[in-house]
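There are 2 protein chains.
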Amino acid sequence: MKKNHPLPMYYQIEEFLKREISEGTFQAGDMIPSERELSERFQVSRMTVRQAVSNMVNDGILYREKGRGTFVAEKKIEQPLKGLTSFTEDMKLRGMTSATRLLSFDVMQAPQDIASKLKLEEGEVYAVKRIRFADRQAMAVETSFLPVSLLPDLTEDIVQGSMYEYMEHVLDLTISHARQEIEARAADENEGTELQIEAGAPVLHIERCSYLDNGIPFEVVKSTYRADRYKFISDIVR
Amino acid sequence: MKKNHPLPMYYQIEEFLKREISEGTFQAGDMIPSERELSERFQVSRMTVRQAVSNMVNDGILYREKGRGTFVAEKKIEQPLKGLTSFTEDMKLRGMTSATRLLSFDVMQAPQDIASKLKLEEGEVYAVKRIRFADRQAMAVETSFLPVSLLPDLTEDIVQGSMYEYMEHVLDLTISHARQEIEARAADENEGTELQIEAGAPVLHIERCSYLDNGIPFEVVKSTYRADRYKFISDIVR
DNA sequence: CCCTTATAGTTGTCTATACCAGTTTAAATT
DNA sequence: AATTTAAACTGGTATAGACAACTATAAGGG
């Protein structure tokens, strides 16, 4: 425990508690040391301990009972199959190598439906069209629409790499959630050519609108996946 | 603002802020008064104001930017689109009337893939095949497999009604979560006849394995939806 | 033996203050 | 006028206490 600068004390206490839980020192249902005890052990004020514990309660790792103590919660459902992922992350999870070919990168006036989904009165969007490859085979064709106002300095280079990475670590934006619509379609001529399948073959069409933690929508993606190679998997809770 | 007993001060401050937001005094993107200003206005310490604001930040109503201020978030997505629903519930949410026609109700030795997904060494399952209608039109054909061991007294009558209702309220089982695989296919002859579409038309095929809160799988459902009438919608978080 | 009553331990709420780090604005300087 | 600097904000972290509300346990009285 470093008392001075490096990391906030409450954060170090969180890490200590999480380590003890993962190592089994504190098991599900066990009471952890009381706030006063922890504050004495780490030589910090009780409010600081409370901040650490409160964060973990919010994360569902601990729960408090007034007058009794603070306890370790049952471990949550196996990591709910990380929900919102980029194509690159998704393929990695499936153990496949991914690649991308940029078809076009334009700035345009937002089409009606896109503007409404991105809540833009009027405004320009980037339109990024890419073909996604998995294990060297065309898997999907994908068009992303992003507001220029949010990402003023987007370049082709960034788009070629991991855009989520760029947004989260360079621009310091936090990606929060998305709503997705999935339907089956027959491939049209264009999609057929791009995905090297016959027109009329079934494809999986996914339209996703993603949001930042402040609730602002930042991306609409329309993807078309080859149905013979791609299966969409998700976990849901009741 | 009552200074003494009735409700905690931080709670009253939360209510004040929520009211101002819902009345439009503070709109999405607006900065709310600073913590120091609020603490002076309500004659409480800044830490108390922080507790109110922190709760609302955790709820996604507000967001903080260090050095700048605290702001009202865009109003969140309408109800997080209840995840795991039955066909009946799903159609109701979409504002459609639903109906079901039972095609067959059998007890059989579990097929290989079903047995493995239900974690049955060997054992019998109910196989329930149904056509689902929405607004009087065929929407999907669906086959459910359920272990006889878990639902020894399942009857045709129950299956005709709401099975989730029966499980949760009669058998007192708690349905917890499910994993779903979604893919696009071309309808085969059978599906075409049952759904009144041409063979080869695109359909959405969904396979779902559902679990109780104790982790035991209790149902595998294979559904085929008409692509021209059904779109699968889900919310996901990062 | 059962029931009541202290008592000690827990979280819940709150105070008044302090300093830090980042952002914006206004003043001072060039 | 443009640039730099300083001041005045903002939220982030932390202290050292205090009393209230609730729970479990141990002591005492019937």
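Sequences listed follow chains A and B, in order. Here the first sequence is numbered in my numbering, starting from 17 and rising by one per residue. Here the second sequence is numbered in my numbering, starting from 17 and rising by one per residue. We treat Cβ as the ideally placed atom computed from N, Cα and C, and that holds for glycine. The structure presented is a predicted model; accordingly, all values stated were derived computationally and were not measured.
{"Asked": "CB contact check: F234/B to chain A, cutoff 8 Å", "Found": "no"}
{"Asked": "Contacts of P163/A in chain B (Cβ-Cβ under 9 Å)", "Found": "Those within 9 Å of P163/A in chain B number zero; the least Cβ separation is about 14 Å."}
{"Asked": "Euclidean distance between Cα positions of L228/B and T159/B", "Found": "19 Å"}
{"Asked": "Partner residues on chain B for H193/A, Cβ-Cβ distance less than 8 Å", "Found": "I93, D251, I252, V253 and R254"}
{"Asked": "Own chain partners of L23/A with C-beta closer than 6 Å, once the 5 adjacent residues on each side are dropped", "Found": "none"}
{"Asked": "Alpha carbon of Y246/B to alpha carbon of A215/B, nearest angstrom", "Found": "17 Å"}
{"Asked": "Chain B contact for Q28/A (CB, 8 Å cutoff)", "Found": "no"}
{"Asked": "DSSP-derived helix/strand/coil call for I48/A", "Found": "coil"}
{"Asked": "Beta-carbon contacts of V157/A that lie in its chain and below 7 Å, excluding the five residues immediately before and after", "Found": "I147, E207, E210, L211 and T240"}
{"Asked": "Chain B contacts from the stretch 119-149 of chain A (Cβ-Cβ distance under 9 Å)", "Found": "K135"}
{"Asked": "Contact belief for D248/B with I191/B at Cβ below 8 Å, rounded distance in angstroms", "Found": "This sequence places Phe at residue 248/B; Asp is not what is there. In fact, because the Cβ distance is near 19 Å, the residues do not count as touching under 8 Å."}
{"Asked": "Within chain A, partners of V219/B - CB distance below 9 Å", "Found": "A200 and P218"}
{"Asked": "Chain-ordered neighbours of E210/B on chain A, where CB pairs are closer than 8 Å", "Found": "Near E210/B there are no residues of chain A at all, since even the closest Cβ is about 16 Å away, more than 8 Å."}
{"Asked": "Reduced DSSP secondary structure (H/G/I, E/B, other) of L211/A", "Found": "helix"}
{"Asked": "Test: K82/A CB closer than 8 Å to a CB of chain B", "Found": "no"}
{"Asked": "Residue from V253/A, K133/A and L118/A whose Cα sits closest to the Cα of F149/A", "Found": "L118/A"}
{"Asked": "Cβ pair N74/A, E30/A closer than 8 Å", "Found": "no"}
{"Asked": "Residues sharing a beta bridge with R148/A, DSSP", "Found": "T116/A and A156/A"}
{"Asked": "Under 8 Å between C-beta atoms of E81/A and V65/A", "Found": "no"}
{"Asked": "Chain-ordered neighbours of N74/B on chain A, where CB pairs are closer than 8 Å", "Found": "N74"}
{"Asked": "For D188/A, the three-state DSSP class (helix, strand or coil)", "Found": "coil"}
{"Asked": "Beta-carbon neighbours of A156/A, restricted to chain B and to distances below 9 Å", "Found": "Under the 9 Å cutoff, chain B gives no residues; its nearest Cβ is about 12 Å from A156/A."}
{"Asked": "Continuous alpha helix (DSSP H) stretch holding F103/B: start and end", "Found": "F103 to L109"}
{"Asked": "Within chain B, partners of Q196/A - CB distance below 9 Å", "Found": "F248, I249, S250, D251 and I252"}
{"Asked": "Neighbour list for D229/A in chain B, Cβ cutoff strictly below 7 Å", "Found": "Y79"}
{"Asked": "Of the residues A200/A, G45/A, I77/A and L33/A, the one placed nearest F58/A, counting alpha carbons only", "Found": "L33/A"}
{"Asked": "Rounded separation between S120/A and E235/A - CA only", "Found": "17 Å"}
{"Asked": "Minimum C-alpha distance to V144/B - residue among F161/B, L167/B and D129/B", "Found": "F161/B"}
{"Asked": "Cβ-Cβ separation, V88/B to I257/B (assumed contact under 8 Å), whole Å", "Found": "Any question about residue 257/B goes unanswered here, given that chain B covers just 17 to 254."}
{"Asked": "Helix, strand or coil at R57/A according to DSSP, with G and I counted as helix", "Found": "helix"}
{"Asked": "Whole-angstrom C-beta distance between V164/A and E140/A, which should lie under 8 Å", "Found": "4 Å"}
{"Asked": "Proximity test, Cβ basis, 8 Å: F89/A and chain B", "Found": "Reading off the sequence, residue 89/A comes out as Ala, not Phe. No - not a single Cβ of chain B is within 8 Å of the one on A89/A."}
{"Asked": "Simplified DSSP state of R254/A, which is helix, strand or coil", "Found": "coil"}
{"Asked": "Separation of H193/B from E223/A, as counted between CA atoms", "Found": "24 Å"}
{"Asked": "First and last residue of the uninterrupted beta strand (DSSP E) at Y241/B", "Found": "P233 to R242"}
{"Asked": "Beta-carbon spacing of A243/B, A200/A below 8 Å", "Found": "yes"}
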